[in-house]
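Each protein sequence line maps, in turn, to chains A and B.
The numbers in this note's numbering rise by one with no breaks, and the one at position 97 of the first sequence is 97.
To get this note's numbering, take the position in the second sequence, counting from 1, and add 129.
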Amino acid sequence: MMNTALVLHLNVQQAEQLAAQCAAWRKYALQGLPASLERNQILRAVQAVEGRLLSLRKRQATEYTLSLHYDEAHALHQVILALMHVWGKAPNSEERIQAIGNLVMLRVMIERVLYLRDQKPDAGNKVSG
Amino acid sequence: MGIFRWLLRRGKPKVTHGPWERTITTASMGQEALAMRRYLEDTDYLLPKDAEEDARLNFQHYALLHAIGNHYVAPLGPSVRLVLEVGAGTGIWASEMARLFPQAEVIGIDIDPALFRAPAQLPENCLLRTGNVLTGLPFPDGIFSFTHQRLLVAAIPAGKWPGVVRELVRVTQPGGWVEIVEIDSEIERPGPATVKMHELSAVLVDGEPIRHLDRMMRQAGLQDVETTRIPIPLGEWGGRVGSMMKRDLLSACDAFKGICVQRGLINPQEYDQMTSDMANEWEQLQSACVFYAVYGRQPAE
């Protein structure tokens, strides 16, 4: 598993939304997905990201810089796709439209950092912490 | 923090066998079929405290780890410095958390130190000590960044839960997390033997407060309170986690047998038949037990 550091720049609203999606997916996974090594790896990665997001919130800044390991960004990407799938099957409502809109925005942000990482000539270099 | 480093260097905790300890013997139960188990006297704890229970608690720890995916459910940040576990048992959770957070100090407390791992088996940043949440935790206000309590439903009388939650909150620092993980007394898709076991256990353990932990946490002043309901399969049908949880729950039922028989609620043969039938039911009906993980955060200053 590669640990290349990626950076996500988030405004307050985006950070709140990402933390909320992490919490929602963890709840969904613990309630409904059978335990497996893969599920548990994603759970731990998402839990760590959620914890860091909540810690950033304490600083009360207008913009946050969230450092992600590659596997965390990959886990977030999978989570967002899974939540889009769940909301996609829900009956049409204002809440559904809002949720899918937020998820699309987060998906684009994460795919962008994953894409940028793949474009870097030194992609794959390991960093500590 | 210094006081805890000092305590860590003090070496092996003194294992005491106080007046609360007793052994329910075959004679006192009047049933030769019952194995000798060690119980605590003058406490509300209903399960045994002996080597067999030690093995069960360690196995349970790993079953829960596979089922929940981590040692905790709260979204802890990177700044965890001081962790408390209430009802540490063997100290396995505290020990593994100390390895997971090497920058933190982890303290486990339990009313009975007899099952504690030897200090040589613990990481340097882990300390186990005697303490009782029902009589007040031996710590000042607001010092822990994470306070964790798990599976004490058989140790805490229903009416004392609000006070216990307040005590956990009291020792947690502003911005710190409190987490309680408990098992619900009801089983999903039960058969007749499982229902009978539920009725029997309800005589001794009131599991109702477990469903109101979120309210208690809010009343104690926590915010961002979340409850996660975690169904875990019971039996081979549920794969590795299901097999482990079935084995753990049957073992817990075995541990519960002594107190049920001693109080005249059931005879040993009937109890054994009930647990055997229950194990079969779980496979046939694809039963599941339900855990609740409830966590909340102290408001930041």
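Glycine is no exception: its CB is placed at the ideal position from the N, C-alpha and C atoms.
The beta-carbon of residue 47 of chain A is placed less than 9 Å from the nearest beta-carbon of chain B. If you look at residue 218 of chain B, you'll find it isn't in any alpha helix (DSSP H); DSSP assigns it neither H nor E. Using a CB distance cut-off of 9 Å, residue 248 of chain B does not count as an interface residue toward chain A. DSSP places residue 11 of chain A within a strand segment (E or B) once states are collapsed to three. With respect to the C-alpha of residue 241 of chain B, the residue from B/182, B/294 and B/225 having the closest C-alpha is B/182. By the neighbour-count criterion, in which 16 or more other beta carbons inside 10 Å mark a residue as buried, residue 67 of chain A falls on the exposed side.
The criterion of a C-beta distance shorter than 9 Å is not satisfied by residue 10 of chain A and residue 70 of chain A. Annotation: residue 331 of chain B to residue 98 of chain A spans about 45 Å, alpha carbon to alpha carbon. Take residue 309 of chain B, set aside five residues on each side of it, and the residues of its chain with a beta-carbon closer than 6 Å to its own are 278, 342 and 423, in chain order. Here the alpha carbon of residue 77 of chain A sits roughly 40 Å from the alpha carbon of residue 238 of chain B.
Note on geometry: alpha-carbon atoms of residue 223 of chain B and residue 426 of chain B lie some 20 Å from one another.
Residue range 290-299 is occupied by the alpha helix (DSSP H) that includes residue 296 of chain B.
Not flagged as an interface residue toward chain A: residue 376 of chain B, since no C-beta distance is shorter than 9 Å. Pairing residue 13 of chain A with residue 202 of chain B gives a Cβ-Cβ distance that is not under 9 Å. The continuous beta strand (DSSP E) containing residue 67 of chain A extends over residues 63-69.
Excluding residues up to 5 positions away in sequence, 371 and 417 lie with their Cβ nearer than 6 Å to the Cβ of residue 362 of chain B in the same chain. Taking all protein chains shown into account, residue 253 of chain B has fewer than 16 neighbouring C-beta atoms within 10 Å of its C-beta and is therefore exposed. What residue 196 of chain B touches in chain A, judged by beta-carbon distance under 7 Å, is 35, going in chain order. Relative to the Cα of residue 186 of chain B, the nearest Cα in the group B/218, B/336 and B/196 belongs to B/218. Residue 234 of chain B and residue 93 of chain A have their C-alpha atoms spaced approximately 48 Å apart. With contacts defined by Cβ atoms closer than 9 Å, residue 56 of chain A and residue 15 of chain A form a contacting pair. For the set B/259, B/282, B/260 and B/360, the Cα lying nearest the Cα of residue 316 of chain B is the one of B/360. The Cβ-Cβ distance between residue 236 of chain B and residue 255 of chain B falls below 9 Å. Close CB contacts of residue 307 of chain B within its chain, under the 7 Å cut and outside five residues either way in sequence, are with 276, 297, 298, 301, 346, 351, 424 and 425 (chain order). Taking the Cβ atoms as the reference, residue 305 of chain B lies roughly 12 Å from residue 54 of chain A, outside the contact range of under 8 Å. A distance below 8 Å between beta-carbons, with the five flanking residues on each side excluded, links residue 377 of chain B to the following residues of its chain, in chain order: 185, 188, 189 and 192. If you check the CB distance, residue 328 of chain B and residue 281 of chain B do not come in under 9 Å. Taking 9 Å as the threshold, the shortest C-beta distance from residue 76 of chain A to chain B does not fall below it. Counting along the chain, residue 278 of chain B sits inside the beta strand (DSSP E) bounded by residues 273-279. In terms of Cα proximity to residue 230 of chain B, the closest of B/199, B/294, B/408 and B/338 is B/199.
Counting only residues of its own chain and dropping the five nearest sequence neighbours on each side, residue 72 of chain A has a CB closer than 7 Å to the CB of 45, 48 and 49. If you compare the alpha carbons of B/354, B/265, B/415 and B/313 with that of residue 293 of chain B, the shortest gap goes to B/265. Contact with chain B is absent for residue 89 of chain A, since none of that chain's Cβ atoms lies less than 9 Å from the residue's Cβ. Secondary structure of residue 347 of chain B (DSSP, three-state): helix. Chain-order list of chain B residues neighbouring residue 44 of chain A: 198 and 199, by C-beta distance under 9 Å.
Shortest Cα-Cα distance from residue 232 of chain B to any of B/396, B/399 and B/274 involves B/274.
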